[in-house]
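Below is one structure, written out as structure tokens, with a few remarks after it.
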Amino acid sequence: MVELSIILVNFNTAAHTINCIDSIIKQTHQINYEIIVVDNASSDNSFDLITTKFQQVVWIQNKTNEGFGRANNVGIQKSRGRYILLLNSDTLIIDQAIEKALEKYKHEKNNVGLVTCHLVNLDGSSQNSIFFYNASFREILNNNLLFDFFTRKIKSTRIKTIKALHGAFLLFKRSRLESVGYFDPDFFLYAEEFEWCFRVRKSGLALKYYDDIKVIHLEEGSSISKEWNIKQRYLSGSLLFKKAHGTLGLCLYLMLNFINLITNVLLMWKLDSAYRSDFIRSQKYFWGLSGKFLTIAFNTFKKPLKLTHIK
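Start counting at 1 in the sequence shown, then tack on 7, and there's your number in the working numbering.
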């Protein structure tokens, strides 16, 4: 019986996917696992390049680019393992990380839902693997220069709770999350793991972080423009607030962003030109999506939302 299903999503990232699979094979020997690659209609000859080198890989071909969440859902549906690992194609497994994480997870209490490990750069420096915010209005206010000025010196004594995990490495037991469901198909790219973590925690399951188990994350996925990247993050962020807090919550999210706009315009003359340039560009991108924000705000989701993404 397959103990672990490892699922990778590929979109024109054949080189990364090959290196990732190679690292899995070299570093994983003590468990019975399968590797599933879900391809989002790549145009870089990924199928031939990957399956020729790794004939044991289970290949699932999407006819169109379904995005990150939907592609992972397809892989989960086709998988056979008791445990499932969703792994970014731009990761490299080191020091038997998968074996160690799975063994540790098996000894967790039944209330632990999703697990991630310590993501690092090639030089060993740490990345953000966990987040202490998720669809938080405080997070929006932190981008307000005036609010930041008055609060940055205040030290909080509250114990921080993990609210979300990075989507590059997500390990879970199939039976434990079946009732929660998996990625929301309305998300195309970005924030889907935040929405999932929101539902996991709401169901009463905990999120766990294994700081002592490291995985290299290159953060070099599919080739997309910086403008597309920024716009997609804004769009997915607004969808996250709608899913978490409803239409009124999304309206509050937009209102707080508008307050930030007014406040920061009045104060940004004190900052350097680089900040002003980045701020003006980001606000142009954000408010240029106003029509899409309204579409999301008043969507009832009675029918599956057409993939929300920037073309």
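The beta carbon of each residue, even a glycine, is placed where N, CA and C say it ideally should be. Please read these numbers as outputs of a predicted model, since none were measured by experiment.
Query	Result
When the Cβ atoms of the segment 17-29 are set against those of the segment 104-115, are three or more pairs found closer than 8 Å?	no
Considering only C-alpha positions, which residue in the set Ile147, His252, Cys258 and Asn19 is nearest to Gln68?	Asn19
What would DSSP say about Thr302, mapped onto helix, strand or coil?	helix
With DSSP as the reference, label Glu200 as helix, strand or coil.	helix
Looking only at its chain, what residues have a beta carbon closer than 8 Å to the beta carbon of His125, apart from the 5 residues adjacent to it on each side?	Ser133, Ser136, Tyr216, Tyr217, Asp218, Asp219, Ile220, Lys221 and Val222
In the DSSP assignment, find the unbroken alpha helix (DSSP H) run with Cys285 in it and report its ends.	Checking the sequence shown, residue 285 turns out to be Asp, not Cys. Per DSSP, Asp285 belongs to the alpha helix (DSSP H) from Ser280 to Trp294.
For the beta strand (DSSP E) that Ile100 lies in, which residues bound it at each end?	Thr98 to Ile100
State the beta-bridge partners of Glu41 as determined by DSSP.	Ser12
With C-beta atoms as the reference, is Thr98 less than 7 Å away from His224?	yes
At a cut of 8 Å, does the segment 141-151 reach the segment 263-274 through at least three beta carbon pairs?	yes
Judging by CA-CA distance, which residue of Gly188, Met275 and His316 is the nearest neighbour of Ser245?	His316
Rounded to the nearest angstrom, how far is the Cβ of Leu178 from that of Leu109, given a contact under 8 Å?	7 Å
Against chain D, does Asp285 count as a neighbour if the rule is that its beta carbon must be under 7 Å from one of theirs?	You won't find chain D in this structure, because it holds only one protein chain.
Rounded to the nearest angstrom, what separates Cys70 and Ser86 at their Cα positions?	The amino acid occupying residue 70 in the given sequence is Lys; Cys does not appear at that position. Each residue's alpha carbon lies about 19 Å from the other.
If you follow the alpha helix (DSSP H) that His252 is in, where does it begin and where does it stop?	Lys233 to Leu274
Let me confirm a value: Phe157 is counted as buried when at least 16 other C-beta atoms fall within 10 Å, else exposed. Which label applies?	exposed
Taking only the alpha-carbon atoms, compute the straight-line gap between Arg283 and Ser49 and give it to the nearest angstrom.	38 Å
Check this for me: beta carbons of Ala304 and Thr254, under 7 Å apart or not?	yes
Please identify the residue among Met8, Phe195 and Ile166 whose C-alpha is closest to the C-alpha of Asn80.	Phe195
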